[in-house]
Structures are given as C-alpha cells and as structure tokens.
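Asks: Numbering (my numbering), first residue to last: 76 to 351. Glycine residues also receive a C-beta, built at the ideal position from the N, C-alpha and C atoms.
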C-alpha cells in the first residue's frame, strides 16, 4: 500500500502539529498535490537544487525538509535565480516538497528534545513554552540537567561528537562543572538572557548576535554557537526513524532515506591554510 500526500501530512501533524508553528512560518505541503501518491521520501535539512538532484537520482517523489522551500510570498518565479530553478526542477519532475519547520522545533521529540537527549540531559522542559500548553511539554528550546555534574571537557566532547564540527564559537567562559544546560537549535540568540535566568550553566544555540555575545561575557554566562546547520541536523535522523516506524506499522510500501549529499554550508578557513 502506498499512501497519498494527504495521509503523510496527517502523520506528520500527529507528532509535529502544524498548530505549533510560529505565525510567521510557512509549513506543510509547499510544492505538489495532496492527491499525489508517495513511493519514496528523501529527508534533508535544507531545500536546495542539489537535494532535488539527489531526489531525482534516487527516484524519490517526495522531499521533507526542516527549512521551508517557500518562506515568504513569491512575487515572481525567475528560473534564472536559484529559488526559481529549484521550483522549476521540482515541478517538472513531479516532486512534492513538505516543510516541517518551527512546528518540529517546538514538538515533543523534535529539534530541541533531540539535542537535549543526545547530550544526555534529563528532565527536559521548554525554554519558551507554547501558549496554552498546560502540560508544558512543547515550545521553543529546552532546559535540562545532568543528575551528576559533568566536567567541561566531557561536555564539550559530547557536543563536538553530536554536532560533527571541528570548531565552535564561544562567548563567555564555560564552567569547569556543568549541571544545567539550555539548548535551542537554529537561530536562538534572543533567548540567551532567558536561558541565563532559568539557571543554565551554558546555552547552546546558533547565529548568536554580537551584542548578545558581549552581554554574555559581561554577565559571566557561557554561550556556544554550534551553527544553525549542526544544531538542527540531528533531527533529520529522528524524522527518518519516526517515519520508518510508522510506515512499517501501517504496512506502507515506501522507501525512506536521508540525504547523502547535504553538507554544512560553511567551511572553516584558517590562516595556516592560505595559499599564495
């Protein structure tokens, strides 16, 4: 049995409800038709032309990305531009594109729970709870703790392993021992003061503003900028496993695969590597 896009959307909504998306966001089916059948799904973080090419090569008819392929209203589709070429290629190859963005950020077991769990944190609660969530389980960011404090070295070792990066920017000084950690995958600079107020020893996020870094140093608070890509990439593995489990339970004959071509958009350039 092969599901239709509408059934896939219902499944996604069961664990990453559209109602959790921020009001400025754009999630759900962004390219394609709810009536289309699904036989193969490719999962990635970013909608790019290379991801479309990978889907074509893998005969995937559906792409699910964290970041939405259409974020702001389009006044035109210029196929000379990257965004226009992407849409043209997707439509010409009948590829559906679904976005699960801030709804997956706020969801239980979403972006931030994955970060916290992979770091070994327990008692995770939202940093910014969803309005009217009486159970306080959904929302942006997470705050969690270790039952026994861990050393700075152990924490950073876990973090480097999880994010898969060679370097990170840090504002402030990371304590010798760490008990409470706040995380917010993606762009979470504005939540840094709240993380400090909630008693975090360190805050992991990305796209930290210069002014926020200065504030952290002055406040004696440690902020780690793990990069937008690296702090959100882990959720794609969770998403693939979740859909595989559901597909098996429903006896859907579909293929679910993670992108093998997607990579961090930034590379580190060191002065020792400069060429003449």
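1) Going along the chain, which unbroken runs of the beta strand (DSSP E) with 3 or more residues stay wholly within the region 123 to 150?
2) What's the call for residue 169, buried or exposed, on a 16-neighbour Cβ count within 10 Å?
3) Using DSSP with H/G/I as helix, E/B as strand and the rest coil, what is residue 205?
4) If you drop the 5 nearest sequence neighbours on each side, which residues of the same chain put their C-beta closer than 8 Å to that of residue 203?
5) Hey, would you say residue 276 sits closer than 8 Å to residue 254, going by beta carbons?
6) Enumerate in chain order the residues of its own chain whose CB-to-CB distance from residue 324 is below 7 Å, with the five nearest sequence positions on each side excluded.
7) If we call anything under 8 Å between Cβ atoms a contact, is residue 337 one with residue 105?
8) In the DSSP assignment, what residue or residues form a beta bridge with residue 217?
9) Whether or not the region 127 to 147 and the region 161 to 168 are in contact is what I'm after, with contact meaning three or more pairs of Cβ atoms, one per stretch, closer than 8 Å; do they touch?
10) If you count every other CB in all the chains shown that lies within 10 Å of the CB of residue 110, and 16 or more means buried, which is it?
11) Taking the alpha helix (DSSP H) that residue 159 falls in, what are its first and last residues?
12) Note down, in chain order, each residue of its chain lying with its Cβ closer than 7 Å to the Cβ of residue 178, except the 5 sequence neighbours on either side.
13) Give the DSSP bridge partners of residue 191, in chain order.
14) From which residue to which residue does the beta strand (DSSP E) around residue 173 run?
15) Spatial neighbours of residue 208 within its chain, please: C-beta separation below 7 Å, excluding the five flanking residues on both sides.
16) Are the region 305 to 320 and the region 286 to 294 in contact at 8 Å, needing three or more beta carbon pairs?
17) Does DSSP put residue 248 in a helix, a strand or coil?
18) Could you please give the first and the last residue of the uninterrupted alpha helix (DSSP H) stretch that includes residue 234?
19) From which residue to which residue does the alpha helix (DSSP H) around residue 314 run?
20) For residue 234 and residue 194, I'd like the C-alpha separation in whole angstroms.
21) Between which two residues does the beta strand (DSSP E) harbouring residue 85 extend?
22) Can you give the beta carbon distance from residue 295 to residue 279, rounded, assuming they're within the 8 Å contact cut?
23) When the Cα atoms are used, what is the spatial distance from residue 228 to residue 242?
24) Among residues of its own chain, excluding the 5 on either side of residue 81, which ones have a beta-carbon nearer than 8 Å to its beta-carbon?
25) According to DSSP, is residue 106 part of a helix, a strand, or is it coil?
Replies: Considering the structure as presented:
1) Here the runs fully enclosed are 137 to 140.
2) Within the chain shown, residue 169 is the residue found at index 94, counting from 1. Per the 10 Å Cβ criterion, exposed.
3) Position 130 of the chain shown, counted from the start, is the residue given in the question as residue 205. Looking at residue 205 - three-state DSSP - the assignment turns out to be coil, as it is neither helix nor strand.
4) Here residue 203 refers to the residue found at position 128 when the chain shown is read from its first residue. Scanning its chain for C-beta atoms nearer than 8 Å, with the 5 sequence neighbours on each side dropped, one finds around residue 203 the residues 214, 215, 216, 266, 269, in chain order.
5) Here the question's residue 276 lines up with position 201 in the chain shown. Here the question's residue 254 lines up with position 179 in the chain shown. Contact annotation: residue 276 and residue 254 have beta-carbon atoms nearer than 8 Å.
6) Mapped onto the chain shown, residue 324 falls at position 249. Closer than 7 Å at Cβ, skipping near neighbours: no residue.
7) On the chain shown, residue 337 is found 262 positions in, with the first residue counted as 1. On the chain shown, residue 105 is found 30 positions in, with the first residue counted as 1. Contact annotation: residue 337 and residue 105 have beta-carbon atoms that are not nearer than 8 Å.
8) The count along the chain shown starts at 1 and reaches residue 217 at position 142. Paired residues: 201, 258.
9) Here the region 161 to 168 makes contact with the region 127 to 147; the two share three or more CB pairs at distances below 8 Å.
10) Counted from its first residue, the chain shown places residue 110 at position 35. Residue 110 counts as exposed, since fewer than 16 other C-beta atoms from the protein chains shown sit within 10 angstroms of its C-beta.
11) If you number the chain shown from 1, residue 159 lands on position 84. Segment 157 to 167, the alpha helix (DSSP H) holding residue 159.
12) In the chain shown, counting from the first residue as 1, residue 178 sits at position 103. So the list reads 91, 92, 93, 95, 96, 102, once near-sequence residues are dropped.
13) Working through the chain shown from its first residue, we reach residue 191 at position 116. Residue 191 pairs with nothing; no bridge assigned.
14) What you label residue 173 is simply residue 98 of the chain shown in a count that begins at 1. DSSP places residue 173 in the uninterrupted beta strand (DSSP E) bounded by 171 to 174.
15) Locating residue 208 in the chain shown gives position 133, where the first residue counts as 1. Cβ contact annotation for residue 208 (same chain, cutoff 7 Å, sequence separation greater than five): 214, in chain order.
16) With a cut-off of 8 Å, the region 286 to 294 and the region 305 to 320 do not count as touching, because too few Cβ pairs lie within range.
17) Position 173 of the chain shown, counting from 1, holds the residue named residue 248. Here residue 248 sits in coil by DSSP.
18) Translated into the one-based positions of the chain shown, residue 234 becomes position 159. 227 to 238 is the span of the alpha helix (DSSP H), which, as asked, contains residue 234.
19) Start at 1 with the first residue of the chain shown, and residue 314 comes out as number 239. First-last of the alpha helix (DSSP H) with residue 314: 309 to 325.
20) Translated into positions along the chain shown, residue 234 becomes position 159. Translated into positions along the chain shown, residue 194 becomes position 119. One C-alpha to the other measures close to 7 Å.
21) In the chain shown, residue 85 corresponds to position 10, counting from 1. DSSP places residue 85 outside any beta strand (DSSP E); the residue lies instead in the alpha helix (DSSP H), whose first and last residues are 80 to 90.
22) Here residue 295 refers to the residue found at position 220 of the chain shown. Here residue 279 refers to the residue found at position 204 of the chain shown. With 8 Å as the limit, residue 295 and residue 279 do not qualify as a contact, their Cβ atoms being about 17 Å apart.
23) Indexing the chain shown from 1 puts residue 228 at position 153. Indexing the chain shown from 1 puts residue 242 at position 167. One alpha carbon belongs to residue 228, the other to residue 242, and they sit about 14 Å apart.
24) Here the question's residue 81 lines up with position 6 in the chain shown. Sequence-distant partners of residue 81 (beyond 5 residues in either direction) whose C-beta falls short of 8 Å from its own C-beta, in its chain, are 109, 110.
25) Locating residue 106 in the chain shown gives position 31, counting from the first residue. Correct three-state label for residue 106: strand.
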